[in-house]
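Engineer:
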Amino acid sequence: MDIKRAKEILNSAKDIEVTYQGKSVWINSINPSLGSAFIITRDNEKKQYQVSISDLVEK
Numbered sequence: 001m002d003i004k005r006a007k008e009i010l011n012s013a014k015d016i017e018v019t020y021q022g023k024s025v026w027i028n029s030i031n032p033s034l035g036s037a038f039i040i041t042r043d044n045e046k047k048q049y050q051v052s053i054s055d056l057v058e059k
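If you count the sequence shown from 1, position 24 lands on 24 in full-length UniProt numbering, and the numbers rise without skipping.
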């Protein structure tokens, strides 16, 4: 995924499915200068990670 699309998803009112390493996640925030995003897993764990935006996949 690129930064532009990640921002569109973050600001969208729609629930757009995004995955990271096969797990469904929410994009919580974006750091464009680092090309990274803070994500939260949608499973019961609700863990937060900082990951490269290029590793996110839109379903």
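Note that the Cβ used here is the ideal one computed from N, Cα and C, for glycine as well.
1. In chain order, which beta strand (DSSP E) runs of at least 3 residues are fully inside the segment 21-49?
2. Go through its chain and collect everything with a Cβ distance to Lys-42's Cβ below 8 Å, but skip five positions before and after it.
3. For the beta strand (DSSP E) containing Glu-58, name the first residue and the last one.
4. Going by alpha carbons, who is nearest to Ile-53 out of Ser-12, Ser-29, Asn-11 and Glu-45?
5. Buried or exposed: Val-57, going by 16 or more other Cβ atoms within 10 Å of its Cβ?
Structural biologist: If we stick to the structure as given:
1. 23-31 and 36-41
2. It is worth fixing the name first, because residue 42 is Arg in this sequence and not Lys. Same-chain partners within the cutoff: Lys-23, Ser-24, Val-25 and Trp-26.
3. In the DSSP assignment, Glu-58 falls within the beta strand (DSSP E) that extends over 56-58.
4. Nearest of Ser-12, Ser-29, Asn-11 and Glu-45 to Ile-53, Cα basis: Ser-29.
5. exposed
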